[in-house]
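To convert a position in the sequence shown, counted from 1, into our numbering, add 3. Note that CB positions come from ideal geometry on N, CA and C, so glycine has one too.
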Amino acid sequence: MQILRSLAMIASIALASAASAQSFPDRSVRLVLGFAAGGPTDVIARHIAKDLTEILKQNVVVENRTGASGNIATDFVGQAPPDGYTLLFTAHTHLTNQILMSKLRFDPIKDFTPITQVCILPLLLLTPAQSPLNSVQDLVRAAKAAPDEVSYASAGVGSSGHLGGALFSMLSDTKMTHVPFRGNANAIVEVMAGRVTTVFYPMIGVADMVKQKQVKVLASGTAQRHPDFPAVPTMAEAGYPGFVDTVPWLGVLAPAGTPAAIVEKLSQAIHQSLNKPETRDRLRDLGAVTVTSTPSEFRQFLEKDTDRWARLIKAAGVKGS
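Rendered as structure tokens:
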């Protein structure tokens with residue numbers, strides 16, 4: 004009798020979950036990110052949110068909860084009800100924060116349900132357009148001559164810009180000052196203004212910045228020269244290999260325990276967005292490389308990628324707190 008009751012309970016839960024997924028969503032969905040409006044992550048999130056609003060027939064609203072290298076947003080989503088209405092649009096810092104920070108209230112793997120990876124963002128080494136620096140070699144010479152005057156910006160501790168700058172500083176045997184901000188949008192403004200010397204910045208919008216004479220590109224962190232900047236050498240060509248490992252990614256997660264049927268519905272909706280020709284072309288124009296994955300594939304990726312960032316952090320000599 005007890006077995007029959009247990010089976011009946013399991014069947015009831017399964018039916019309730021299926022019914023919930025079938026009606027999902029019946030109200031607005033929040034897409035939360037931990038970086039400032041206007042930055043690369045925010046720009047891509049808003050493109051996808053616009054598509055999802057049409058696909059899901061409910062408003063999908065981007066909500067910026069900045070600070071602590073994305074941890075404020077991550078902690079908020081991790082404690083949200085696992086019903087699919089509060090999602091995290093995140094980057095590789097979701098993993099690096101755990102490696103670098105000892106007092107997090109969440110586990111980036113156990114406390115979240117992966118939905119899909121979205122893209123990767125190749126990095127470019129930028130400096131202000133008015134800067135006298137015109138090459139990686141110029142930057143190294145400047146850093147060796149006046150280390151206290153050379154700095155690099157980032158979107159926060161553990162960000163790709165932080166790790167790229169730290170790795171470059173170590174490989175070039177220079178000492179440059181790390182200046183963290185609440186997202187890449189704030190970081191690039193300070194570089195454009197000349198208040199920070201340089202930044203490893205995701206390729207989003209850089210072509211327009213170059214055309215407007217706001218920045219210039221010293222090198223790319225890609226394996227080969229990027230077709231948008233064919234005259235720009237790679238970091239490896241400049242004598243500093245290994246920067247392909249600093250390429251960040253973006254993806255979407257839900258709180259742990261979100262029903263599988265809802266996760267699958269969200270995953271398919273995001274894939275539908277990324278497969279739209281106009282969205283795919285827009286992201287490509289911005290410099291993003293689209294990557295879609297099933298929830299299971301994304302989980303496997305996250306587990307393996309933790310090791311990649313741990314190796315990079317160790318190689319760059321970045322210390323945790």
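Residues near residue i by beta carbon distance below 6 Å, same chain, minus five either side
i: glycine 73; result: Gly37, Thr96
i: serine 9; result: Bear in mind that a pLDDT of 46 at serine 9, under 50, signals an unreliable position, so the number given afterwards is only what the model happens to contain. There are no such residues.
i: phenylalanine 92; result: Leu34, Leu36, Ala48, Val255
i: isoleucine 309; result: Correcting the residue identity first, residue 309 is threonine in this sequence and not isoleucine. Same-chain partners within the cutoff: Leu98.
i: threonine 180; result: Ser154
i: alanine 169; result: Ala319, Val321
i: alanine 313; result: Ile102
Outcome for residue i when other beta-carbon atoms lying within 10 angstroms are tallied against a minimum of 16
i: aspartate 45; result: buried
i: serine 157; result: buried
i: alanine 257; result: buried
i: serine 26; result: exposed
i: glycine 323; result: exposed
i: glutamine 172; result: Just to set this straight, residue 172 is serine in the shown sequence, not glutamine. Buried: at least 16 other Cβ atoms inside 10 Å.
i: glycine 320; result: exposed
Chain-order list of residues whose beta-carbon lies under 8 Å from that of residue i (same chain, five-residue window excluded)
i: threonine 56; result: Asn62, Val63
i: threonine 282; result: His50, Ile51, Asp54, Ser276
i: arginine 302; result: Ile112, Pro117
Residue i (DSSP reduced to helix, strand or coil)
i: asparagine 278; result: helix
i: isoleucine 334; result: Look at the range of the chain in this structure, 4 to 324, and you will see that residue 334 is not part of it.
i: isoleucine 16; result: Confidence in isoleucine 16 is poor, its pLDDT being 48 and thus under 50, which makes the residue's placement unreliable; the coordinate value appears in the next sentence. Correct three-state label for isoleucine 16: helix.
i: arginine 185; result: coil
i: proline 150; result: helix
i: lysine 317; result: helix
i: threonine 69; result: coil
i: serine 26; result: helix
i: isoleucine 207; result: coil
i: proline 111; result: coil
i: alanine 145; result: helix
i: lysine 60; result: coil
i: threonine 44; result: helix
i: valine 199; result: coil
i: glycine 81; result: helix
i: serine 296; result: coil
i: arginine 283; result: helix
i: alanine 76; result: helix
i: valine 220; result: strand
i: serine 134; result: coil
i: arginine 49; result: helix
i: alanine 156; result: strand
CB contact flag (residue i, residue j, <7 Å)
i: valine 250; j: phenylalanine 232; result: no
i: proline 43; j: asparagine 187; result: yes
i: glutamine 217; j: alanine 148; result: no
i: serine 154; j: valine 182; result: yes
i: aspartate 86; j: phenylalanine 109; result: no
i: alanine 264; j: alanine 83; result: no
i: alanine 291; j: leucine 124; result: yes
i: valine 143; j: alanine 222; result: no
Member of the options whose CA lies at the smallest distance from the CA of residue i
i: lysine 60; options: Ser31, Gly245, Pro131; result: Ser31
i: alanine 259; options: Asp54, Thr89, Ala52; result: Thr89
i: alanine 210; options: Arg311, Ala257, Leu126; result: Leu126
i: alanine 48; options: Ala83, Leu170, Gln82, Ala94; result: Ala94
i: threonine 295; options: Arg285, Ser172, Ser276; result: Ser276
i: glycine 224; options: Asp248, Val213, Ser138, Ile118; result: Asp248
i: threonine 130; options: Gly159, Phe109, Gly164; result: Gly164
i: histidine 50; options: Asp308, Ser299, Leu289; result: Leu289
i: valine 65; options: Ala76, Ala71, Ala52; result: Ala52
i: leucine 174; options: Pro230, Ala222, Gly242; result: Gly242
i: leucine 269; options: Gln120, Pro205, Gly197; result: Gln120
i: glycine 208; options: Lys178, Arg228, Pro262, Leu286; result: Leu286
i: lysine 317; options: Leu103, Asp29, Gly70; result: Leu103
i: proline 1; options: Leu315, Gly161, Ala76; result: In this structure the chain extends from 4 to 324, so residue 1 is not present and cannot be described.
i: glutamate 300; options: Asn278, Glu267, Trp312; result: Glu267
i: threonine 297; options: Gln271, Asn278, Arg311, Ser134; result: Gln271
i: serine 105; options: Ala71, Asn278, Lys307, Asp151; result: Ala71
i: glycine 167; options: His274, Gly197, Thr201; result: Thr201
i: leucine 128; options: Pro236, Val160, Leu305, Glu306; result: Pro236
i: aspartate 176; options: Gly159, Ser162, Pro150; result: Pro150
Proximal residues to residue i (C-beta, below 7 Å), its chain only, five neighbours per side dropped
i: leucine 107; result: Asn74, Asn100, Gln101
i: valine 213; result: Lys219, Val220
i: alanine 145; result: Leu136, Val153
i: alanine 76; result: Val35, Leu36, Gly37, Arg68, Leu91
C-beta neighbour in chain D for residue i, strict 7 Å
i: leucine 170; result: Absent from the structure is chain D; it holds one protein chain and no more.
beta-carbon residue i near the ligand ZN non-hydrogen atom, thresh 6 Å
i: leucine 142; result: Inclusion of the ligand ZN in the displayed structure is not the case, the ligand content being empty and no account of it being possible.
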